[in-house]
Structure formats: structure tokens, C-alpha cells
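Following this note's numbering, the numbering of the sequence shown begins with 25 at its first residue and continues without gaps.
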Amino acid sequence: MTSLGGRRRKPARWSRRKRLALILAVLPVCLAVPLSAAIGPDRIRSILERNCTACHGEGTQSAGVRLDTLPLSFSGNRRAAEVWQDVSDVLNRGEMPPRDAIPISPEDFEALVGWVTAALGESGVRSSGGKPVVVMRRLNSAEYQNTMRDLLGLDIDYVRHLPPDQVSRDGFRNNGAVLTITAMQLEHYLDAARDGLRRAIVTGPAPPVSEHRATETVVDKLKTVHWSNRLGRTGTFVLRVPEFPDEGEFSIKVRARAELPDGAPYPRMRVVMGYRADTQTPSRTVAEVDVSELTATEFEFRGRIEQYPLQSRTQSKYPGLLVWISNAYSDGRPAPTGEKVRVVEDGKERDQWVWPVDPGFPSIVVEEVSFKAPVYRTWPPAHHARIIPQAPDVRRDESRSFREVARRFMRRAYRRPPRGGELRVVLESFSAARPTVGSFEEAAREALALVLISPGFLYRPESTRRGGRLTDHQLASRLSYFLWSTMPDDRLFDLASRGSLGPATLRREVRRMLASPRAEAFVEEFSDQWLDLPGVHRVAVNPNYYPDFDPTLKADMRRETQQFFAAVLREDLSALHFLRSDFAMLNQRMARHYGLAGPRGGEFERVPLARTGRLGGLLSQASVLLANSTGEDSHPVERGVWVRSALLGDPPSPPPPEVPNLGQGDSEASLLPLRRQLELHRDSQACVRCHQGIDPWGVALEEFDAVGLRRESVVRRSGDRVEALPVDATAVLPGGHTVEGVEGLSAFLATERRRDFARALVSKLLAYALGRDIELSDRPAIDAMTDAFESSGYRLTELCGIIVTSDLFRGG
Numbered sequence: 025m026t027s028l029g030g031r032r033r034k035p036a037r038w039s040r041r042k043r044l045a046l047i048l049a050v051l052p053v054c055l056a057v058p059l060s061a062a063i064g065p066d067r068i069r070s071i072l073e074r075n076c077t078a079c080h081g082e083g084t085q086s087a088g089v090r091l092d093t094l095p096l097s098f099s100g101n102r103r104a105a106e107v108w109q110d111v112s113d114v115l116n117r118g119e120m121p122p123r124d125a126i127p128i129s130p131e132d133f134e135a136l137v138g139w140v141t142a143a144l145g146e147s148g149v150r151s152s153g154g155k156p157v158v159v160m161r162r163l164n165s166a167e168y169q170n171t172m173r174d175l176l177g178l179d180i181d182y183v184r185h186l187p188p189d190q191v192s193r194d195g196f197r198n199n200g201a202v203l204t205i206t207a208m209q210l211e212h213y214l215d216a217a218r219d220g221l222r223r224a225i226v227t228g229p230a231p232p233v234s235e236h237r238a239t240e241t242v243v244d245k246l247k248t249v250h251w252s253n254r255l256g257r258t259g260t261f262v263l264r265v266p267e268f269p270d271e272g273e274f275s276i277k278v279r280a281r282a283e284l285p286d287g288a289p290y291p292r293m294r295v296v297m298g299y300r301a302d303t304q305t306p307s308r309t310v311a312e313v314d315v316s317e318l319t320a321t322e323f324e325f326r327g328r329i330e331q332y333p334l335q336s337r338t339q340s341k342y343p344g345l346l347v348w349i350s351n352a353y354s355d356g357r358p359a360p361t362g363e364k365v366r367v368v369e370d371g372k373e374r375d376q377w378v379w380p381v382d383p384g385f386p387s388i389v390v391e392e393v394s395f396k397a398p399v400y401r402t403w404p405p406a407h408h409a410r411i412i413p414q415a416p417d418v419r420r421d422e423s424r425s426f427r428e429v430a431r432r433f434m435r436r437a438y439r440r441p442p443r444g445g446e447l448r449v450v451l452e453s454f455s456a457a458r459p460t461v462g463s464f465e466e467a468a469r470e471a472l473a474l475v476l477i478s479p480g481f482l483y484r485p486e487s488t489r490r491g492g493r494l495t496d497h498q499l500a501s502r503l504s505y506f507l508w509s510t511m512p513d514d515r516l517f518d519l520a521s522r523g524s525l526g527p528a529t530l531r532r533e534v535r536r537m538l539a540s541p542r543a544e545a546f547v548e549e550f551s552d553q554w555l556d557l558p559g560v561h562r563v564a565v566n567p568n569y570y571p572d573f574d575p576t577l578k579a580d581m582r583r584e585t586q587q588f589f590a591a592v593l594r595e596d597l598s599a600l601h602f603l604r605s606d607f608a609m610l611n612q613r614m615a616r617h618y619g620l621a622g623p624r625g626g627e628f629e630r631v632p633l634a635r636t637g638r639l640g641g642l643l644s645q646a647s648v649l650l651a652n653s654t655g656e657d658s659h660p661v662e663r664g665v666w667v668r669s670a671l672l673g674d675p676p677s678p679p680p681p682e683v684p685n686l687g688q689g690d691s692e693a694s695l696l697p698l699r700r701q702l703e704l705h706r707d708s709q710a711c712v713r714c715h716q717g718i719d720p721w722g723v724a725l726e727e728f729d730a731v732g733l734r735r736e737s738v739v740r741r742s743g744d745r746v747e748a749l750p751v752d753a754t755a756v757l758p759g760g761h762t763v764e765g766v767e768g769l770s771a772f773l774a775t776e777r778r779r780d781f782a783r784a785l786v787s788k789l790l791a792y793a794l795g796r797d798i799e800l801s802d803r804p805a806i807d808a809m810t811d812a813f814e815s816s817g818y819r820l821t822e823l824c825g826i827i828v829t830s831d832l833f834r835g836g
């Protein structure tokens with residue numbers, strides 16, 4: 025649904041004087057009696073019959089809406105109220121009636137919209153009392169992963185066996201209504217809990233440490249690989265690790281320097297760990313980092329060794345773990361192959377592979393590589409001590425020692441103090457397990473696993489206390505999962521325990537939490553779900569159309585948009601930068617993709633766009649453009665749907681299942697200009713009505729191809745036939761406003777539809793914060809939040825503060 029908002033949009037065809045005269049004429053009547061009573065049902069039915077039922081009546085229901093049978097009395101009828109609100113919205117935006125239909129008269133317009141507005145207010149549908157609220161919300165995969173990491177102190181993969189989360193109608197993965205759980209899923213939770221606790225709570229003496237170091241690369245028997253300490257366009261440094269543990273934290277240290285031609289980009293060091301088998305080399309990337317210093321610098325990379333492919337202990341042909349180091353920088357040119365030559369060494373001839381050196385290519389010189397595992401400062405390690413601070417006193421009952429362990433652990437796991445009955449169940453489990461295992465720690469693991477599969481941990485219960493407010497612990501948890509996607513930290517726990525989470529404290533906590541590195545989870549999760557950034561990975565780019573496209577660039581495209589969101593948030597900029605901006609967040613690869621001068625390395629930096637001819641903002645970013653393309657060409661319908669859904673909060677109705685894709689099934693049609701293809705696609709009255717409200721938003725982005733690059737012509741292919749057609753990005757938007765390309769569209773959104781964008785962003789962020797759908801009853805609160813957001817200069821930090829101090833966030 026879309027919003028009437030606080031600023032009703034006037035259809036351009038009516039003069040301000042005429043509208044004012046009409047309002048003054050009806051105002052006395054409105055003041056005397058409720059408008060819904062002053063305008064009777066016969067008048068409303070008459071207006072609908074004259075203006076609406078031809079497209080929304082018995083014969084035709086455009087966009088699935090039928091008005092001739094829609095109840096006019098909708099007190100308590102949520103569905104009817106929502107449809108009537110949509111009617112009011114499209115009338116106010118000038119989208120209905122369509123441009124090719126007879127205009128609705130000013131008198132009918134004011135009567136219909138005024139009646140709907142008054143009837144909604146009188147019906148009680150908007151009141152919070154009629155609103156369904158999800159009060160048991162399961163942790164989604166990201167929240168579960170982060171919470172287990174922070175609770176156990178180990179950053180390992182806890183969700184590898186869990187099914188993917190479902191997505192709500194608004195695109196969110198933290199919506200309680202779609203976060204179901206199955207018996208099989210509960211088994212996976214139990215396995216993850218036991219595995220995590222086994223690694224977090226250690227037993228026995230400290231394990232031996234394996235250390236290996238090399239200053240020269242290992243030369244493998246595979247001669248066709250360029251083994252070298254110098255990593256240029258070719259070259260790989262390999263460290264062989266003959267002895268290594270099966271689990272524990274590892275440290276890889278690399279001392280390296282860069283060889284940089286003048287003005288060249290930085291080389292990017294890629295570290296990979298795995299092993300070599302007979303026919304494959306299972307491996308996983310540890311890290312990538314720029315090497316920018318000309319003098320040797322030490323880089324350290326850490327991780328958990330059990331998260332990487334490990335060789336079977338019985339393998340003997342290629343024994344040992346391997347660390348590969350290479351140069352990930354690419355200028356788009358293919359790496360050269362080696363040449364086999366005959367050389368004489370010690371009086372004997374032999375074949376040797378020679379690899380060409382490109383002096384203009386930025387290179388890395390590796391001086392030393394070392395490996396160490398497991399890494400720990402003390403034993404037991406810190407993650408163990410966080411759960412079991414000290415060994416149980418053998419002179420005391422172990423059950424008394426475990427009681428303190430359990431109480432502390434459950435307080436953190438449940439994000440509140442445990443109740444007596446909950447603690448008793450865990451203590452009984454420990455007592456039952458202790459005689460069957462060899463140590464206190466093993467029994468503690470088994471008992472605490474029950475905590476990690478209980479509703480108190482897997483769910484976020486949000487029952488309200490007297491007065492309709494969440495408890496302070498529930499409020500701290502809601503705030504933490506909103507901004508960090510994980511459990512509260514010690515400060516939030518302490519504030520909740522003292523009952524100190526009032527509005528002023530909440531606003532201070534918002535600023536503190538958004539300044540924390542943990543807020544990276546908010547940046548990634550919200551921007552991903554709001555803008556559907558994972559869509560870049562759903563679209564396969566056709567190499568026949570884009571032979572030079574590197575599929576690994578998709579991750580950088582997604583990261584560009586996330587980093588842009590982070591910049592707007594952390595620099596306290598206006599959110600209108602999402603529509604129009606004078607800067608971009610780019611790394612070397614993305615700058616090269618766009619044809620811009622930019623950073624020299626792989627890290628994202630702020631790049632001014634003045635005098636580049638490129639407009640900043642979401643509409644010109646490759647992530648959005650590729651995700652809403654076919655992988656061969658742009659897709660104006662998909663892009664139009666995205667603009668309406670993400671930026672205006674006005675998603676169109678889904679198409680009927682039998683509607684084909686644009687240009688599908690007609691080879692001749694695929695060669696036609698876009699406008700003609702769209703006309704052919706709109707082959708029915710119902711299709712015309714919907715597409716008139718969708719297509720223009722996407723047509724305005726036609727100057728961008730499927731991978732987000734600007735173009736002046738569009739190449740159409742059908743079999744062996746190829747046609748080059750000029751780009752036509754002129755669009756007439758709903759309401760009659762004409763825009764030219766992305767420049768015109770972004771200017772229109774940032775001025776004429778600024779309120780709609782602000783309200784859409786407020787609604788999206790509120791839905792994410794609450795973890796539920798936005799209801800019709802939330803509209804008054806959203807209007808007030810939008811007013812405050814506008815007054816703040818559209819700053820995201822302020823919007824977060826507005827949301828967390830609202831009655832909706834602090835209530836149930």
C-alpha cells in the first residue's frame with residue numbers, strides 16, 4: 025500500500041484557485057458533521073460508477089481491484105480499509121484515472137478522497153487495538169549466527185545446515201510471520217549447539233602448537249604453474265604445512281612489499297588455504313588485502329582451521345596443508361602462459377618453464393610466510409573462561425559450581441535473568457549427565473545445549489507489561505537486534521537491569537551502537553533486504569553479450585551499494601543522497617568498470633563525481649541495474665517495479681501467471697524498439713492499466729545496459745540478426761510528468777516525490793525494526809515519524825532514534 029501522507033499531491037490539470045474555492049465551499053459542511061456522514065453512500069456509488077467501475081467492476085478488475093462490490097462501511101474490515109486507502113493514494117498522486125480516460129471532476133475527487141479519509145478515521149481500523157502483533161519471533165539465520173558467535177566467543181559457521189530464511193512480502197528476512205521452525209530444523213539447532221559448545225568449552229591440557237615458516241616458495245611437481253616469490257601477472261607462493269591441528273585458531277603471517285609502476289593500482293594479495301589431492305585442490309580464501317607499501321610490511325590473517333578444507337590423515341601422495349598466496353589484481357587482460365625452453369644446468373640439458381615479466385604490472389614480492397596453530401594466549405582460552413570462569417572447586421559440590429555457570433550463561437543466552445523453573449531444568453540435566461561423562465566440562469556442555477534449543481534463546485518473546493510497554497530487557501534485545509543483528513552487549517544488559525532505557529538513553533544508545541563496528545550488520549542486512557541486493561547473484565550475465573564481464577565483480581557491485589549506505593549513515597548525510605548524490609563509494613575494480621578515475625586498491629573510498637558526467641545515487645548503481653535486468657539487456661518492467669517498491673513504497677500488484685516476459689516467444693518483436701515491445705506486451709486492457717503505472721519508471725533508466733554501464737545505443741539480437749537502435753529514455757510518468765533519463769527521474773523523485781520517498785524509507789526501516797508487516801493502523805505513527813524525519817534533514821541516525829523512541833517500538 026502507499027500513503028496519503030501529510031502532503032496531498034494535486035493533479036496538474038486543476039488550478040490552485042479552483043481547488044481552493046472548492047475546499048472553502050465544502051469546509052463549513054465538514055466542520056458541521058463528519059464528512060463520511062455528510063456524503064452518503066449513494067453519492068460515492070455514483071462517483072465510482074462514473075469514473076472507476078469500467079476498469080474495476082464486474083467485467084474487468086485492473087490490478088485485481090474491484091470497487092463496485094467493495095463495502096462502504098468498513099469498520100473493523102481491515103481488507104476493505106486497505107483497498108480504500110489505496111484508492112485515495114492513487115487519486116492523490118494523479119495516477120488514476122489514467123491519462124487516456126475521462127478526468128475525474130474536482131467535485132468528485134474531493135468528495136471521494138474526503139469521504140475515504142474521514143471514514144478511515146472514524147472506523148477504528150487505524151487504532152492499535154485492532155492490529156495483529158507477532159509476539160514470538162525466531163532468530164533468523166544472520167541473527168542466530170551472530171548471537172552464537174557472541175555468546176560462545178567463536179566465529180565459526182553455525183548455520184551451514186540450516187535452511188534459508190523465507191522472505192516477507194516487503195522483502196525482509198526478519199519478519200516474525202515467516203520465521204517458522206520444523207522438527208528437522210530443531211535437530212540442526214541441537215547439532216550446532218553441541219558442536220559449538222564442544223569447541224568453546226575445552227578439556228584437558230593445552231594442545232601442542234604447530235609452527236612453519238618459509239622464505240622461498242615450494243616448487244610443486246606441477247610444472248605448468250608459475251611458482252615464485254614475485255607475484256605479478258603470474259606467480260604463486262606456496263607454503264607447505266606438514267603438521268597441523270584439526271581445530272583451533274590459526275595465524276598466517278606474510279611479510280611482503282609492493283613493486284609499483286608510477287600511478288599504477290595497488291596489487292591485491294589473496295591468501296588461500298587448503299590441500300592438493302590427486303585431481304583437485306579443495307581450498308577456501310582466507311583474505312584479500314591491498315599491498316601498497318614499497319618496504320616490507322607484515323600482514324596477519326586469522327581464522328578457525330576447522331572452517332577450511334582439511335586433508336585426510338591417511339593421504340600420503342600429497343601430504344600436508346597448503347597456503348597459496350597470489351596477486352588478485354587484474355587489469356582485464358588475460359594472464360600469459362609460460363614457455364618451455366631447454367636449459368643447461370651442471371652440464372646437463374633439461375626442460376624449464378619460463379614466464380614473461382610485465383614491468384608495467386603492479387606486483388607483490390613475498391619475503392616470508394609463517395603458519396601457527398592453534399593460537400591461544402592462555403589455557404583454557406578466553407572463550408572457555410567466558411563461560412566457565414574457573415575450574416570447579418573439588419571441595420564443593422559440582423552442582424553448586426554449575427549453578428553459577430548456568431545462571432550466568434542463561435542470562436546472556438535469554439537476554440534476561442533466567443526464571444526459577446528454567447534454571448531448575450538445566451540443573452537437572454547437568455545432574456543426569458554428570459555420572460555418564462568423564463568431566464565437569466563435558467556435563468556442562470550437554471546441559472547448556474538445552475539452553476541453546478529452548479524458546480528463550482531461539483525466540484524473542486515480546487509480551488507487554490502493564491501500560492503496553494516492553495520490559496527493559498525486551499526493549500534492549502529489540503534495539504540490539506535492530507542495529508546489530510545480535511544479542512545486547514554488557515552495557516545494554518546493565519542499562520536494562522537498572523531499568524534505565526528511557527527515551528533520552530535510547531537516543532544516546534542509538535548513536536553509540538551505530539558508531540560501533542557491530543553496526544556493519546545493520547548496514548549489510550537492511551540495505552540488502554530493502555534494495556534486494558542479493559538479486560545481482562540471481563541474474564546470469566550472458567557472456568555472448570558481455571564477453572569481458574568478470575562474474576566476481578558482482579560481489580563488488582553489491583558492496584558498492586552497501587558502502588554507499590554506510591557513508592550516508594556514518595557521515596550523517598541526508599537520505600536524499602540515495603536519489604541524487606555528488607559522490608560514489610568505489611574501489612579500483614568498480615571505478616574501472618564505470619570508466620572513472622578512482623581508488624588504487626580494493627578498498628572502497630569516497631569518490632567525488634563532479635565533472636565526471638556521472639550522477640550518484642542508487643539509480644545509477646550497477647547492483648540495482650543488474651539485479652533488475654535479464655543478464656542480456658535492461659528490463660524496464662523489472663526496474664520500474666523496483667523503483668516503485670524500494671523508493672516509493674508502492675509495489676504494484678503481481679502480474680497474472682499467464683503473462684509472458686517482455687519479448688518472449690516472438691523473435692521479430694525482440695528486434696523492435698523498446699516502446700513498441702512494451703506496446704505489444706500490453707495486449708489487454710488490464711495489462712495496459714498496470715503497465716502505465718510501471719513501465720515509465722523503468723524506461724527512464726534505459727540509458728544503462730544490463731551490467732550498469734551507460735550506453736547511447738541499444739543492441740537487439742534475434743538469431744543471426746543484430747539491430748542497433750538509439751536509446752530512448754524519455755518517459756511520461758503517472759500523473760503526466762515527462763522526464764529525460766536518470767537525471768530527470770532522480771530530480772523528479774528528489775523534488776516532486778520527496779515526501780513519498782521519505783515515507784517509504786520510514787515504513788521500510790520501521791518494518792525491519794519491528795520484525796513484522798506494516799499495518800493500516802500504523803499509518804498515523806508513520807506520518808508523524810515522516811514529519812520528524814523531514815525536520816531532521818532526512819538523516820538516518822535521527823530516523824533510527826525516532827523509531828526506537830516511538831510507541832510502536834517500545835510497545836508490543
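Glycine residues also receive a C-beta, built at the ideal position from the N, C-alpha and C atoms.
Please state if the CB of residue j and the CB of residue i are separated by a distance shorter than 8 Å.
i	j	result
P386	L494	no
F546	S509	yes
G622	L610	yes
V347	M293	no
L757	V763	yes
S478	F454	no
M614	E662	no
R668	P660	no
I180	T260	no
L603	S770	yes
H497	I225	no
Among residues of its own chain, excluding the 5 on either side of residue i, which ones have a beta-carbon nearer than 7 Å to its beta-carbon?
i	result
R535	T821
F427	Note that residue 427 corresponds to Arg in the displayed sequence, not to Phe. So the qualifying residues of the chain are L451.
T258	H250, A359, P360, W379
G523	D496
What does DSSP give as the partner residue(s) for residue i in the beta ladder?
i	result
V295	A311, I349
V368	E373
W251	T260
K277	E324, S394
Y332	Its beta-bridge partners do not exist; DSSP assigns none.
V756	T762
M160	P485
V265	L345
Closer than 6 Å by C-beta to residue i: which residues in its own chain qualify, once you throw out the five before and the five after it? Chain order, please.
i	result
G344	R264, V265, P266
A280	V315, I388, V390
S816	E822
G839	Any property of residue 839 remains undetermined from this structure, which presents the chain solely from 25 to 836.
Three-state secondary structure (DSSP) at residue i?
i	result
F304	Note that residue 304 corresponds to Gln in the displayed sequence, not to Phe. Three-state result, Q304: coil.
K578	helix
T762	strand
Q645	coil
M511	coil
P459	helix
F607	strand
S234	strand
A282	strand
F433	helix
A748	strand
S830	coil
Using 7 Å as the cut-off, classify the Cβ of residue i as near or not near the heavy atoms of the ligand ZN, replying yes or no.
i	result
S316	As for the ligand ZN, it is missing from this structure, which has no ligand bound.
Once you ignore the five residues that flank residue i on each side, which residues in its own chain have a CB closer than 8 Å to its CB?
i	result
Y290	A282, L284, D314, V315, S316, Y353, P386, Q612, R624, G625, G626
L94	A104, V107, W108
I'd like the ranges of any beta strand (DSSP E) spanning at least 3 consecutive residues and lying wholly in the segment 494-573.
Under the rule that a run must span 3 or more residues, no beta strand (DSSP E) segment is found entirely inside the segment 494-573.
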